[in-house]
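Numbering (the UniProt record's numbering), first residue to last: 1 to 880.
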């Protein structure tokens, strides 16, 4: 009996790696019988499935699998030598029966998988002729191992498709996404099939060896190319989904960064949280503590704790998604935005889910309604796991939920309870939710049966954390303490006194630290006495600070402080420094201003009684006054240098904000007045003056699209019908910067002379939007200047730092980026493209413009893009 051939170490390693990869993917329950499975049993199982399908009226021709079974039979006889003494051999055929049995529940999936196995069979026929003729050749053994790896790779993907949660819904899109990788597997097998033929016939061994090296290089490059193409396609699809959702994540990024920065400045102050038993249990990959409520008073550090948890989990490679709600950003507190925010973070985790949402919703032209987003979010949470052999965990952190409307709080908690209710099982996803907020009646009712951490019960931990915080803040006073001969022990006593006085509130400790740094003391005893004499409650502390500010002010000055605080508290978005000064300048209602208010009016205090209604009126007056001033300054007759000087000095820094929100302030004020706004109201008087001035310079035409107003728009503007000119211009402003116009500007028609122009049915811009263009052109021209007459270098640099983003704002009204803007025109255009309703081709490097319909895109894809990789030529071998 001849001795068995020596086994090539690289070949055995290739086989072992492929086996272990598949073994990790398939659950032990599914692979239990693989070791004893025979090819005949698998063939019989396929025929049995055929009979079952016939009984259900879904007969499929299983004879298409016979070439595959024959090819596997011949191949197994050859590779048996390499698998001797291992469990590897049955795994070539055993998964087939399992995959077919599960896939038979869904005929479309079953059909695709049969086609896949049939295509694999085409490269296996070669082994019927070769037999064991070359089994002793190490290179031939490596080729056999590559076939083994390719077959098991197909098993792996097919198994994952039919075992992931919600696979029937996702199968067609995920299989289509796999097609490029499957084509690569087939091409790999064909190239190695050709290599076997060449090696069997070639007499020039050196040429055969060079061919093998070419194939190895092609294999590495093609795998990288497939991965890159998949990534580029997923990125384009993701951008299309952002456009479909009309989603802008800039607010969330800004919120998270500002809160997280506070935690970074004071390291260690949140470390106690990770030692808390309930938090520790919630962080574990176990189904315990599925929902946790972290509750505390304002200023107790809840949001900072939330950001530090996110940072810790991300550093630990845990999949965590989050959303932070704050009054500072109105969009962050809407239920729809919370859904979209969570949805986008889920999609970034899985390209298959991106492909599904793109195919079903973007190409399917389904509207992103709240009910649709709720259903989609629940589906994605269930389907996020693509590893059938283990349970996937997703952690969700929602902060500041109490800042949402009560009804929205209930809807968010209800949804989170639903997604967290499913217990883990292999192939499913377990969601664990942490809600961080103040207490509210709604939240207390919805979360009464959930695990709760009340920061008021963690006073010892918070007191030590605040002591650390105070210690870090007081380091800046080290020189002052040294001059007062305050010992380290006394400093420690001051820190502990602050921590005790704060009673669990970091905000209070911050105010005390600021108080100590701005007042004059002669000894450590004075400092301790002052700390002990400070008001107990935060509101009283603010009142004390405010009284110190107002004591020596007259009524006019007090009114101006009130105006500053009103803008800080109730602006539609946080204002930059020069924007705030511009806003205060126009708050008097006087358009004919020539100087910006002085910077010393920016006071970091609060506490005056400021009502929302008063703020609406004042802010409305400021926006309309700013626009009235702009009509004069940005007209053609106004001297250019004078205009430039006003813009550089920031007098019109409020212009972009005013353009976006003047109608909202006006309509909200009318609503507050129950439709009966006093004709003598400064806001109405100025608005009518603005409309009359606009009427002299422009005559707005409402486009066909705008003739059908958005829901509720007629109800809001109907109160203005008694002022026809104002009503006309408000309607024009509300409808002018529409999505249809944006698309027309991004994709203009070609005119007879070859120039680009807007479609004939496009309405002219309303006067306010036209004025915005002049303002932004002015800003752009000044951004390119290195110096300007009458302006210092420092003033010019300050202008550029404050207003660069004002030059490049989104042209779609109501988009957050319509006032926030971008650093460059390129970034602005990229953003605007996400709004368009046309469909962009997601193929890598495709330069075609977006398509008007899904059908047009499909025709284009079929004509110009194929999943198959272009074959890379392999140097031919002369055979004599």
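We treat Cβ as the ideally placed atom computed from N, Cα and C, and that holds for glycine.
With respect to the beta strand (DSSP E) encompassing residue i, which residues constitute its N-terminal and C-terminal limits?
| i | result |
| --- | --- |
| residue 292 | 291-295 |
| residue 399 | 392-399 |
| residue 828 | That residue, residue 828, is in no beta strand (DSSP E); its alpha helix (DSSP H) goes 825-833. |
| residue 453 | 451-454 |
Apart from the five residues just before and just after residue i, which ones in its own chain have a Cβ nearer than 6 angstroms to its Cβ?
| i | result |
| --- | --- |
| residue 861 | none |
| residue 380 | 346 and 353 |
| residue 6 | none |
| residue 864 | none |
| residue 393 | 285 and 430 |
| residue 769 | 736 and 737 |
Determine the DSSP secondary structure at residue i, reduced to helix, strand or coil.
| i | result |
| --- | --- |
| residue 96 | helix |
| residue 791 | strand |
| residue 322 | strand |
| residue 858 | helix |
| residue 747 | coil |
| residue 329 | strand |
| residue 841 | coil |
| residue 808 | coil |
| residue 521 | coil |
| residue 607 | The pLDDT assigned to residue 607 is 40, lower than 50, so where the model puts this residue is not dependable; a value taken from the coordinates is nonetheless given after this. It is coil, neither helix nor strand. |
| residue 803 | helix |
| residue 848 | coil |
| residue 6 | coil |
| residue 380 | helix |
| residue 623 | helix |
Considering only their Cβ atoms, is the gap separating residue j from residue i smaller than 8 angstroms?
| i | j | result |
| --- | --- | --- |
| residue 252 | residue 303 | no |
| residue 18 | residue 149 | yes |
| residue 357 | residue 376 | yes |
| residue 508 | residue 299 | yes |
| residue 82 | residue 170 | no |
| residue 188 | residue 226 | no |
| residue 223 | residue 184 | yes |
| residue 420 | residue 310 | no |
| residue 249 | residue 344 | yes |
| residue 834 | residue 239 | yes |
| residue 442 | residue 406 | yes |
| residue 854 | residue 236 | no |
| residue 213 | residue 11 | no |
| residue 662 | residue 684 | no |
| residue 648 | residue 799 | yes |
| residue 112 | residue 167 | no |
| residue 384 | residue 433 | no |
| residue 438 | residue 297 | yes |
| residue 186 | residue 151 | no |
| residue 293 | residue 447 | yes |
| residue 653 | residue 590 | no |
| residue 495 | residue 474 | yes |
Starting from the C-beta of residue i, find all residues in its chain whose C-beta is less than 7 angstroms away, skip the five residues before and the five after it, and write them out in chain order.
| i | result |
| --- | --- |
| residue 707 | Its pLDDT being 48, under 50, residue 707 is placed unreliably in this model, and the value from its coordinates should be taken loosely. Within the same chain, residue 707 has no close Cβ partners at all. |
| residue 30 | 98 |
| residue 278 | 289, 292, 451 and 453 |
Please return the same chain residues whose Cβ sits closer than 8 angstroms to the Cβ of residue i, not counting the five positions on each side in sequence.
| i | result |
| --- | --- |
| residue 89 | 76, 79, 80 and 83 |
| residue 101 | 45 and 49 |
Which residues bound the alpha helix (DSSP H) around residue i?
| i | result |
| --- | --- |
| residue 684 | 682-697 |
| residue 16 | 9-25 |
| residue 431 | Per DSSP, residue 431 belongs to no alpha helix (DSSP H); it is in the beta strand (DSSP E), 429-437. |
| residue 723 | Where residue 723 is concerned, there is no enclosing alpha helix (DSSP H), given that its DSSP letter is neither H nor E. |
| residue 307 | 302-315 |
| residue 646 | 640-648 |
| residue 75 | 66-83 |
| residue 45 | 39-55 |
| residue 671 | 655-672 |
| residue 881 | This structure leaves residue 881 out entirely; the chain is present only between 1 and 880. |
| residue 91 | Run containing residue 91: none; DSSP gives neither H nor E here. |
| residue 256 | 250-265 |
| residue 445 | 441-446 |
Q) Are the segment 565-574 and the segment 616-624 in contact at 8 angstroms, needing three or more beta carbon pairs? A) yes
Q) Is the number of C-beta pairs between the segment 513-528 and the segment 470-490 that are closer than 8 angstroms three or more? A) yes
Q) Is there contact between the segment 776-789 and the segment 664-682, where contact requires at least three CB pairs shorter than 8 angstroms? A) no
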